Amino acid sequence: MAYPANLKYTKEHEWILVEGNTGSIGITDYAQETLGDIVYVDAPKVDTALEAGKSFGSVESVKAVSDLFSPVSGTVTAVNVELESAPEKINADANSTWIIKVAITNPAELDALLTAEAYEAFIKEESGH
Amino acid sequence: MTDAAPLQKTALNEAHRRLGAKMVDFGGWDMPVEYSGLVAEHLAVRTGVGLFDVSHMGEIQFRGPGAMAAISGISMNDPSRLKIGQIQYSSLLTPEGTFVDDILVHKLSENDWLLVVNAGTRQKDFDWIGSHVADVHGAQGVHISDYSPHYSQIAIQGPRAAETLAKLTQTDLAAIRNYWFTWGTVAGVANTLIARTGYSGEDGFEIYIPSDVPTSEMVWNALLEAGAEFGILPCGLGARNTLRLEAAMSLYGHEIDEATNVFEAGLDRFCKLDGREFIGADALRRIQAVGVQRKLVGLEMQERGIARDGYPVLNAAGETIGAVTSGSPAPFLKNNIALAYVPSAVVESGEDIWVQVRANRVRAKQVPLPFYKRPKK
Numbered sequence: 123m124a125y126p127a128n129l130k131y132t133k134e135h136e137w138i139l140v141e142g143n144t145g146s147i148g149i150t151d152y153a154q155e156t157l158g159d160i161v162y163v164d165a166p167k168v169d170t171a172l173e174a175g176k177s178f179g180s181v182e183s184v185k186a187v188s189d190l191f192s193p194v195s196g197t198v199t200a201v202n203v204e205l206e207s208a209p210e211k212i213n214a215d216a217n218s219t220w221i222i223k224v225a226i227t228n229p230a231e232l233d234a235l236l237t238a239e240a241y242e243a244f245i246k247e248e249s250g251h
Numbered sequence: 302m303t304d305a306a307p308l309q310k311t312a313l314n315e316a317h318r319r320l321g322a323k324m325v326d327f328g329g330w331d332m333p334v335e336y337s338g339l340v341a342e343h344l345a346v347r348t349g350v351g352l353f354d355v356s357h358m359g360e361i362q363f364r365g366p367g368a369m370a371a372i373s374g375i376s377m378n379d380p381s382r383l384k385i386g387q388i389q390y391s392s393l394l395t396p397e398g399t400f401v402d403d404i405l406v407h408k409l410s411e412n413d414w415l416l417v418v419n420a421g422t423r424q425k426d427f428d429w430i431g432s433h434v435a436d437v438h439g440a441q442g443v444h445i446s447d448y449s450p451h452y453s454q455i456a457i458q459g460p461r462a463a464e465t466l467a468k469l470t471q472t473d474l475a476a477i478r479n480y481w482f483t484w485g486t487v488a489g490v491a492n493t494l495i496a497r498t499g500y501s502g503e504d505g506f507e508i509y510i511p512s513d514v515p516t517s518e519m520v521w522n523a524l525l526e527a528g529a530e531f532g533i534l535p536c537g538l539g540a541r542n543t544l545r546l547e548a549a550m551s552l553y554g555h556e557i558d559e560a561t562n563v564f565e566a567g568l569d570r571f572c573k574l575d576g577r578e579f580i581g582a583d584a585l586r587r588i589q590a591v592g593v594q595r596k597l598v599g600l601e602m603q604e605r606g607i608a609r610d611g612y613p614v615l616n617a618a619g620e621t622i623g624a625v626t627s628g629s630p631a632p633f634l635k636n637n638i639a640l641a642y643v644p645s646a647v648v649e650s651g652e653d654i655w656v657q658v659r660a661n662r663v664r665a666k667q668v669p670l671p672f673y674k675r676p677k678k
């Protein structure tokens with residue numbers, strides 16, 4: 123699986139797409155594959171404050187709950203409400219399905235994130251290949 | 302630093318890996334948790350047919366003139382009610398009337414009985430039986446063997462299970478009623494025990510074959526081929542759990558354990574106290590006389606949120622009154638369900654209760670069990 127080069131990644135398997143000062147955040151294909159059929163997304167409300175590295179919600183499959191960790195600090199500006207009734211969209215296309223959008227307050231934090239190449243190397247190690 | 306003991310493997314371990322199964326450590330066994338996906342596997346069993354490797358479960362043989370007496374002395378259900386070829390659900394109990402394990406008792410002949418026990422409690426059960434049978438009145442002349450390594454056990458479950466298995470055997474499957482078994486040749490393997498039992502809430506069979514890899518793989522593959530026209534899927538422990546939960550079947554370590562008695566668990570109908578003596582019977586008679594403080598209840602979530610194993614259960618005042626024993630989304634019913642122990646008074650009132658789902662209190666309704674019952678033909 124090729125991970126889009128225009129995204130940045132975390133070791134907790136989130137991705138962020140940066141457009142100006144806005145970031146769209148989702149989980150990676152590796153994460154959805156590990157979780158299995160996603161049945162529930164617990165996303166924060168608009169205007170919630172986010173802190174880089176802190177949990178902002180969770181994604182649930184039938185058998186597991188997985189916390190979502192924010193790649194950046196900021197404020198939630200939008201929530202993907204489609205995921206309330208169709209959470210399985212994440213399974214279908216994790217790399218393009220955003221969960222929240224955030225107004226980024228500290229762009230320097232993006233430098234600490236992984237590139238697609240670094241993320242791919244990281245998951246190869248994780249999965250023991 | 303010492304290595305942890307390596308995981309035990311069934312004869313079908315390589316077959317699961319070749320099918321691309323996600324493997325997991327289940328009580329020390331390297332088992333498939335899912336292949337194509339939990340939901341797809343669950344739905345295959347409800348609408349077509351699914352295949353399960355349950356070879357990790359244990360088989361304990363009781364032989365000799367004292368066999369039935371031995372079983373009767375340690376089992377809450379009454380083996381004297383069984384005819385040859387018949388099976389009953391039962392449990393081994395502690396002297397306090399709580400659960401050592403739940404079991405299936407098969408009567409092969411007057412002096413030949415087979416107990417099928419859970420994988421995680423296999424050794425515990427065998428040791429426990431060994432140390433308690435000697436005290437059972439009338440249980441002289443019984444030889445007890447652990448035959449677990451000798452059997453692979455495969456479950457074929459679903460409305461198309463009978464049609465699938467029928468392609469591989471001359472045995473008249475229609476003649477095998479629910480909770481009965483017979484012997485037959487399956488996929489060319491003679492002396493296969495064919496039982497109409499299962500853990501899915503659907504019609505189905507469990508077959509017991511020799512545990513060598515070639516035989517096990519041959520039968521497994523033959524079943525996959527026979528069921529292909531019905532959409533058969535190999536199914537893992539993930540779907541096994543959601544299926545049994547929809548059918549409100551107990552899981553050892555969750556609804557039943559050494560801290561829970563038969564009446565709390567609602568398994569009275571499998572417990573025959575009248576005129577019988579067995580380990581736990583006296584305690585159960587005392588409990589029956591005073592009633593139980595807590596009972597197992599079925600819950601259906603009424604608001605967004607999934608109740609999961611271990612989550613606290615609260616009353617309207619926000620006080621913790623119990624805990625979820627098993628909880629999950631229900632893939633066929635398309636809701637979120639749970640089993641929980643709550644005070645008997647709460648069960649009687651039928652009041653709504655709340656589940657603490659991480660940071661949120663989510664309302665749940667008490668519902669009758671089972672959540673799912675298969676349609677009558």
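Protein chains in written order, with our numbering: chain A, 123 to 251; chain B, 302 to 678.
Just so it is clear, CB atoms sit at the ideal spot from N, CA and C, and this is done for glycine as well.
Fair warning: this is a prediction, and the values are worked out from it, not measured in the lab.
So residue i is in the alpha helix (DSSP H); what residue range does that whole segment cover?
i: residue 347 of chain B; result: 339-348
i: residue 157 of chain A; result: 151-157
i: residue 685 of chain B; result: Residue 685 of chain B lies beyond the residue range present for chain B, which begins at 302 and ends at 678; the question has no answer from this structure.
i: residue 538 of chain B; result: 538-547
i: residue 245 of chain A; result: 238-248
So, with DSSP's three-state summary, where would you put residue i?
i: residue 466 of chain B; result: helix
i: residue 482 of chain B; result: strand
i: residue 210 of chain A; result: coil
i: residue 507 of chain B; result: strand
i: residue 375 of chain B; result: helix
i: residue 302 of chain B; result: For residue 302 of chain B, the predicted structure reports a pLDDT of 49, less than 50, and the residue's modelled location is therefore unreliable. The matter cannot be settled from this model.
i: residue 317 of chain B; result: helix
i: residue 512 of chain B; result: coil
i: residue 555 of chain B; result: coil
i: residue 586 of chain B; result: helix
i: residue 188 of chain A; result: strand
i: residue 265 of chain B; result: A question about residue 265 of chain B goes unanswered here, because the residues of chain B that appear run from 302 up to 678.
i: residue 473 of chain B; result: coil
i: residue 592 of chain B; result: coil
i: residue 382 of chain B; result: helix
i: residue 136 of chain A; result: strand
i: residue 129 of chain A; result: coil
Can you list, in chain order, the residues of its chain whose CB lies under 7 Å from that of residue i, leaving out five sequence neighbours each side?
i: residue 126 of chain A; result: 217, 238
i: residue 680 of chain B; result: Only positions 302 to 678 of chain B appear in this structure, which leaves residue 680 of chain B out of reach.
i: residue 505 of chain B; result: 456, 457, 458, 459, 462, 499
i: residue 531 of chain B; result: 349, 350, 461, 464, 465
i: residue 245 of chain A; result: 152
i: residue 627 of chain B; result: 546, 552, 555, 556, 610, 639, 640
Kindly indicate the opening and closing residues of the beta strand (DSSP E) around residue i.
i: residue 627 of chain B; result: 621-631
i: residue 180 of chain A; result: 177-183
i: residue 351 of chain B; result: 351-354
i: residue 389 of chain B; result: 388-394
i: residue 410 of chain B; result: 400-410
i: residue 638 of chain B; result: 636-644
i: residue 331 of chain B; result: 330-335
i: residue 223 of chain A; result: 222-226
i: residue 432 of chain B; result: From DSSP, residue 432 of chain B is part of no beta strand (DSSP E) but of the alpha helix (DSSP H) over 423-433.
Skipping 5 residues on each side, what residues in its chain have a beta carbon closer than 6 Å to that of residue i?
i: residue 270 of chain A; result: Residue 270 of chain A falls outside the range modelled here, since chain A spans only 123 to 251, and no answer is possible.
i: residue 302 of chain B; result: Unreliable placement is indicated for residue 302 of chain B, whose pLDDT of 49 sits below 50; the coordinate value is still reported in the next sentence. Nothing listed; no residue qualifies.
i: residue 317 of chain B; result: 333
Can you find a CB in chain C that lies within less than 8 Å of the CB of residue i?
i: residue 152 of chain A; result: Looking for chain C here will not work: the only protein chains present are A and B.
Ordered along the chain, which non-local residues of its own chain (more than five positions away) have a Cβ less than 8 Å from that of residue i?
i: residue 634 of chain B; result: 547, 672, 673
i: residue 184 of chain A; result: 158, 159, 161
i: residue 619 of chain B; result: 655, 662
i: residue 669 of chain B; result: 599
i: residue 615 of chain B; result: 621, 622, 654, 655, 656, 657, 662
i: residue 636 of chain B; result: 601, 602, 630
Using 8 Å for Cβ pairs, my map puts residue i next to residue j. What's the rounded Cβ distance?
i: residue 468 of chain B; j: residue 527 of chain B; result: 4 Å
i: residue 452 of chain B; j: residue 512 of chain B; result: 6 Å
i: residue 481 of chain B; j: residue 387 of chain B; result: 5 Å
i: residue 419 of chain B; j: residue 553 of chain B; result: 5 Å
i: residue 536 of chain B; j: residue 351 of chain B; result: 4 Å
i: residue 507 of chain B; j: residue 675 of chain B; result: That belief does not hold up - the Cβ atoms of residue 507 of chain B and residue 675 of chain B are roughly 17 Å apart, past 8 Å.
i: residue 488 of chain B; j: residue 520 of chain B; result: 5 Å
i: residue 579 of chain B; j: residue 375 of chain B; result: 6 Å
Meets three-Cβ-pair contact criterion under 8 Å: the segment 162-176 of chain A and the segment 189-206 of chain A: yes
With contact counted as at least three CB pairs below 8 Å, one residue from each stretch, are the segment 606-616 of chain B and the segment 396-412 of chain B in contact? no
Is there contact between the segment 338-357 of chain B and the segment 392-399 of chain B, where contact requires at least three CB pairs shorter than 8 Å? no
Please determine if the segment 588-598 of chain B and the segment 642-654 of chain B are in contact, where contact requires at least 3 C-beta pairs separated by less than 8 Å. yes
Count Cβ pairs between the segment 129-142 of chain A and the segment 201-208 of chain A that sit closer than 8 Å; are there 3 or more? no
Is the segment 549-566 of chain B close to the segment 358-372 of chain B, with three or more CB pairs under 8 Å? no
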